[in-house]
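Peer 1: Residues 221 to 320, numbered by our numbering, are exactly what the sequence shown covers, in order.
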Amino acid sequence: MNNLEEVQGIDEQIAALQARKKELLENKRKEVLKEIKRAIQIYGFTVNELGLSGSSKKRQPRYANPNDPDQTWGGGARPKWLKEYMARGGKLEDCLIKKN
221 MNNLEEVQGI
231 DEQIAALQAR
241 KKELLENKRK
251 EVLKEIKRAI
261 QIYGFTVNEL
271 GLSGSSKKRQ
281 PRYANPNDPD
291 QTWGGGARPK
301 WLKEYMARGG
311 KLEDCLIKKN
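(1) Does the stretch 299-309 come within contact of the stretch 280-287, defined as at least 3 CB pairs closer than 8 Å?
(2) Please return the same chain residues whose Cβ sits closer than 7 Å to the Cβ of LEU316, not counting the five positions on each side in sequence.
(3) What's the C-alpha gap between GLN238 and GLN291?
(4) In three-state DSSP terms, what is LEU316?
In structure tokens:
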């Protein structure tokens, strides 16, 4: 057997082992998921208790696009419309939503 054949043989073994690993992990995953679902049912965990409520509470918008009030921003990364507005000389306070 030459080196190339040996390398090809090793590659085949690696592929077979990776496939077996994937199969074992998937089987274990299914088993664990079944146990988790059973525990949720028995103990009545809520989505919030499990930390699965999705994203955190959405912030109320504090700023609105003066040219399109449907575009709002509540904080975090500045949206494109706000960056463009400010690049054209607009001021952040001009976008502040006025509270009644």
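Backbone N, C-alpha and C fix where the C-beta goes; we use that ideal spot for every residue, glycine too. Nothing here was measured: the structure is a model prediction, and the numbers come from that model.
Peer 2: Let me spell this out:
(1) yes
(2) Position 96 of the sequence shown, counting from 1, holds the residue named residue 316. Contacts found: ARG282 and TYR283.
(3) Residue mapping note: residue 238 aligns to position 18 of the sequence shown, counting from 1. Residue mapping note: residue 291 aligns to position 71 of the sequence shown, counting from 1. So the two alpha carbons sit approximately 48 Å from each other.
(4) Mapped onto the sequence shown, residue 316 falls at position 96. The answer is strand: DSSP assigns LEU316 an E or B state.
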